[in-house]
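full-length UniProt numbering puts the first residue of the sequence shown at 1, with every later residue one more than the last. To start, the structure under review is shown below, and the notes come after it.
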Amino acid sequence: MALRFKMATDRAAHVDPVERLKEEHKAWKHHHPQDFIAEPVKIENGEIDWLTWNCVIPGPKKSLWEGGLYKLQLAFPQDYPFSPPKFSLSLIDKSKGWRPQTTTKEVLLGIQLLLTEPNFHDPAQAEAFVVYNQNRMEYEERVKKQAKEMTPNGLG
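Spelled out as C-alpha cells, the structure:
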C-alpha cells in the first residue's frame, strides 16, 4: 500500500510538517516493516515532539548486520517534507535527489539498505570506508561484533 500525499506543484504552498508526520505515523502504525520502530518523542510534560522520532532499524537478514538493532533519532526540519530529516549520519542530502513525497518509512528502509549496499561514491563514514577497502576481513569482523553488541539483551 503506497502512501500518497497531496503535493502542490508550487513550492510556496505550505505543507504543515507536523500534520504530514501525524499522517505518516498513523500509516506506520497500520503497516510498517517487520522489526522496525519509529515513534515520535514524548517530552517530559507528556506532549509529543512530532519533529523528533526515535527509531530502530534491524540488521538485514542473511547479512553481516543480521541480529543487530540499530537505534537512531530522526530530526525533521520545519520545512519537511521539502527537506529531508537529519540523523547522526548525514546520509540524506537535499541536493541529491530528495523528493517531498518520500516518507519516513522509505527513509528507514533506505538506511537499512545502505548497511548491505554502502554508497562508495559518497561514503558516510570515512573509517568504515577505509577499512572496507583495505582489509575486508577486518571490516566483516567489526560488523559482526557490532551486530552482536546491538542484539537485544546481548544475545547474538
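Note that CB positions come from ideal geometry on N, CA and C, so glycine has one too. If you're wondering where the values come from, they're calculated on a predicted model, not measured in any experiment.
Tell me whether the beta-carbon of R142 lies closer than 8 angstroms to the beta-carbon of V131.
The answer is yes: Cβ separation under 8 angstroms.
Quick check on K145: does DSSP put it in helix, strand or coil?
Helix, per DSSP.
Taking the alpha-carbon positions, what's the M150 to D122 distance?
Approximately 25 angstroms, taken between the alpha carbons.
Can you give me the C-alpha to C-alpha distance between K29 and L109, rounded to a whole angstrom?
Near 16 angstroms, if we compare the C-alpha coordinates of L109 and K29.
Measuring alpha carbon to alpha carbon, tell me which of Q34, P40 and N135 ends up nearest E23.
When only C-alpha atoms are compared, the closest one is P40.
State the DSSP-derived secondary structure class of K26, mapped to helix, strand or coil.
If DSSP states are grouped into helix, strand and coil, K26 belongs with the helices.
In the DSSP output, which residue or residues are listed as bridge partners for Q73?
Beta-bridge pairing links Q73 to N54.
On the three-state DSSP scale, how would you describe P40?
It is a strand residue.
How about L74 and T104: are their beta carbons less than 8 angstroms apart?
In this structure, T104 lies closer than 8 angstroms to L74 by Cβ.
With a threshold of 16 other CB atoms inside 10 Å of the CB of P152, please say whether the residue is buried or exposed.
Exposed, because fewer than 16 other Cβ atoms sit within 10 Å of the Cβ of P152.
Ends of the alpha helix (DSSP H) at F120?
Taken as a continuous stretch (DSSP letters only), F120 belongs to no alpha helix (DSSP H), as it is neither H nor E.
Quick one: Cα of K145 to Cα of I43, how far?
Going from the Cα of K145 to the Cα of I43 covers about 33 angstroms.
Count the CB pairs spanning the region 48–60 and the region 30–37 that are closer than 8 angstroms, and state whether there are at least three.
Result yes; three or more Cβ-Cβ pairs closer than 8 angstroms.
Contact check, P81 vs V15 under 8 angstroms by CB: the rounded distance?
The Cβ separation is near 6 angstroms, so the contact holds.
Does the distance from the CB of L21 to the CB of F76 come in under 8 angstroms?
Yes, the pair counts as a contact, with Cβ atoms nearer than the cut-off.
Hey, could you find the ends of the alpha helix (DSSP H) Y132 is sitting in?
Segment A126 to Q134, the alpha helix (DSSP H) holding Y132.
If you compare alpha carbons, which of Q78, A147, L113 and G67 is closest to D49?
Checking every option, the nearest Cα to that of D49 belongs to Q78.
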